[in-house]
Amino acid sequence: MSINITLIGQIITFALLVWFVMEYVWPVLFTALEERKKKIADGLAAAEKGHEDMLLAEQKAKGLLKTAKDQSSDIVSLAQRQANEIVEESKNTAKKEGDRLILAAKAQIDQEVQHSKETLRKEVAALAVAAAEQILVAEIDKTKHQEIVNKISNRL
Amino acid sequence: MATEAHAAEGATGYIIHHLTPLSVGEGFWTLHLDTLFFSAVLGGLFVWFFKKAAENATTEVPGLVQNFVEMMVEFVDTQVKDSFHGHSKLIAPLALTIFCWVFLFNFMDLFPIDLLPAIGSVMGIPYLRVVPSTDLNATFALSISVFCLIIFYNLKIKGLWNFSKELLFHPFNHWLLIPFNLLLNFVEYLAKPISLALRLFGNLYAGELIFMLIALLPAYLQPVLSLPWAIFHILIITLQAFIFMVLTIVYLSMAHEEAH
Numbered sequence: 009m010s011i012n013i014t015l016i017g018q019i020i021t022f023a024l025l026v027w028f029v030m031e032y033v034w035p036v037l038f039t040a041l042e043e044r045k046k047k048i049a050d051g052l053a054a055a056e057k058g059h060e061d062m063l064l065a066e067q068k069a070k071g072l073l074k075t076a077k078d079q080s081s082d083i084v085s086l087a088q089r090q091a092n093e094i095v096e097e098s099k100n101t102a103k104k105e106g107d108r109l110i111l112a113a114k115a116q117i118d119q120e121v122q123h124s125k126e127t128l129r130k131e132v133a134a135l136a137v138a139a140a141e142q143i144l145v146a147e148i149d150k151t152k153h154q155e156i157v158n159k160i161s162n163r164l
Numbered sequence: 386m387a388t389e390a391h392a393a394e395g396a397t398g399y400i401i402h403h404l405t406p407l408s409v410g411e412g413f414w415t416l417h418l419d420t421l422f423f424s425a426v427l428g429g430l431f432v433w434f435f436k437k438a439a440e441n442a443t444t445e446v447p448g449l450v451q452n453f454v455e456m457m458v459e460f461v462d463t464q465v466k467d468s469f470h471g472h473s474k475l476i477a478p479l480a481l482t483i484f485c486w487v488f489l490f491n492f493m494d495l496f497p498i499d500l501l502p503a504i505g506s507v508m509g510i511p512y513l514r515v516v517p518s519t520d521l522n523a524t525f526a527l528s529i530s531v532f533c534l535i536i537f538y539n540l541k542i543k544g545l546w547n548f549s550k551e552l553l554f555h556p557f558n559h560w561l562l563i564p565f566n567l568l569l570n571f572v573e574y575l576a577k578p579i580s581l582a583l584r585l586f587g588n589l590y591a592g593e594l595i596f597m598l599i600a601l602l603p604a605y606l607q608p609v610l611s612l613p614w615a616i617f618h619i620l621i622i623t624l625q626a627f628i629f630m631v632l633t634i635v636y637l638s639m640a641h642e643e644a645h
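Residue numbers (our numbering), protein chains in the order written: chain A, 9 to 164; chain B, 386 to 645.
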């Protein structure tokens, strides 16, 4: 249990060990550790960036979707308006056409009526003449009337 | 000591036998072969393991060995960065070496107490003390090296003039108190390596001694006592290695800082 030359031997061993570790072990391991740390940090940063990009894209997609929705609703309302207009227009046209047709029909009817009246008048007149003829035939007194005719004829 | 061990029989003989190092030489020129051998083997193991991991180190997903080694490096680096604010190429590898080496020293304590000496005696080795940190030479070798580094960095960072001024005028800045300051600083500086070495030595020596005492008990009692003690010792050996490392870092960072 005494201090002796072993001490010197131990110091030499210790110095050699420390030198070896300092020269060949620590720097290599430490560099590897630092590099991996950097790699992991880079990876994490990339992941973070990806996440941010995704959020950005999501936002952008949302915006696009919103504009598309707006646009489509605009288009729909426009189409509706246009359809309404068309319906309104065709209604008007139809009404006009109908009016025109009615007017034409009325005119034709009037014409027909006029024509019928004319025909009727003519027929009535003919009938009246025929009736008058009949009456005349029945009422004629040959002697009496011969006198009249003769009188007239004499004037000639 | 060796002759006493032969003379004493029974429990005392057993303990003395276990505490006697395998040595050659006389007096100061004695070499504790077991301490030198085991510490060199453990140091080689540590360096081989870490070197292999360093060679295969990739920045890809690490394997089991690399993961473990990186954990150690990271752990030591955190400790160094926590208390040392300068920049030094040496301190982190030094701390790693101290932690691992001391831990491996201490770990030898967890081998069954008679296993390696018994194998040794079969091979014709009369004494074998397997835990290097129960040898004052091993612990003082570490702490004296650290002490030399403390002095070296004090001189390097502060310069001879500032360092001397700190020794003479700190903590009491008055010329009349120079001798007192000098004495105080002398004790303070000397206490560092001594406390470092003796703390580690004391803990491991006591732990080893208790294992020996347990080994002297009847066989049916031994597991009941040695198992809890061994489990407790896992904590002790790690803690002692950790304390040695942290104090080294703290002392060296103090050497790097200017006087208040």
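Each residue gets a CB set at the ideal place from its N, CA and C atoms; glycine is no exception. Please read all numbers here as calculations on a predicted model, not as lab measurements.
Check whether residue i and residue j have beta carbons under 9 Å apart
i	j	result
C485 (chain B)	F423 (chain B)	no
A40 (chain A)	T444 (chain B)	yes
P608 (chain B)	R514 (chain B)	no
S611 (chain B)	G471 (chain B)	no
Y538 (chain B)	D419 (chain B)	no
V36 (chain A)	E440 (chain B)	yes
W27 (chain A)	A477 (chain B)	no
N491 (chain B)	A615 (chain B)	no
H402 (chain B)	S408 (chain B)	no
L594 (chain B)	I400 (chain B)	yes
A634 (chain B)	V465 (chain B)	What sits at residue 634 (chain B) in the sequence shown is Ile, not Ala. In contact: I634 (chain B) and V465 (chain B) (Cβ atoms closer than 9 Å).
Beta-carbon contacts of residue i that lie in its chain and below 8 Å, excluding the five residues immediately before and after
i	result
W546 (chain B)	none
D499 (chain B)	A600
Terminal residues of the alpha helix (DSSP H) in which residue i lies
i	result
E105 (chain A)	34 to 147
L404 (chain B)	395 to 404
K437 (chain B)	418 to 440
F469 (chain B)	First-last for F469 (chain B): undefined, no H or E at that position.
A526 (chain B)	521 to 538
H641 (chain B)	607 to 641
H153 (chain A)	150 to 163
Outcome for residue i when other beta-carbon atoms lying within 10 angstroms are tallied against a minimum of 16
i	result
S85 (chain A)	exposed
M493 (chain B)	buried
L178 (chain A)	Residue 178 (chain A) cannot be examined here, being either before or after the span of chain A that is shown, 9 to 164.
N158 (chain A)	exposed
G428 (chain B)	buried
H59 (chain A)	exposed
N100 (chain A)	exposed
F22 (chain A)	buried
T388 (chain B)	Below a pLDDT of 50, predicted positions are generally treated as unreliable, and T388 (chain B), at 41, falls in that range; no measurement from the model is reported.
D520 (chain B)	buried
S80 (chain A)	exposed
M630 (chain B)	buried
S10 (chain A)	exposed
Y605 (chain B)	exposed
G17 (chain A)	buried
E455 (chain B)	buried
F496 (chain B)	exposed
L1 (chain A)	Outside the modelled stretch of chain A, which goes from 9 to 164, sits residue 1 (chain A), for which no answer is possible.
Own chain partners of residue i with C-beta closer than 7 Å, once the 5 adjacent residues on each side are dropped
i	result
I621 (chain B)	N588, G592
F532 (chain B)	K577, P578
A442 (chain B)	Q451
I483 (chain B)	L527, F629, M630, T633
I510 (chain B)	L407
Same chain, Cβ closer than 6 Å to residue i, neighbours up to 5 away in sequence not counted
i	result
I535 (chain B)	Y636, A640
F596 (chain B)	I498
A146 (chain A)	none
Next on the checklist: Counting beta carbon pairs with one atom in the segment 517 to 530 of chain B and one in the segment 553 to 560 of chain B, are three or more of them shorter than 8 Å?
Outcome noted: no
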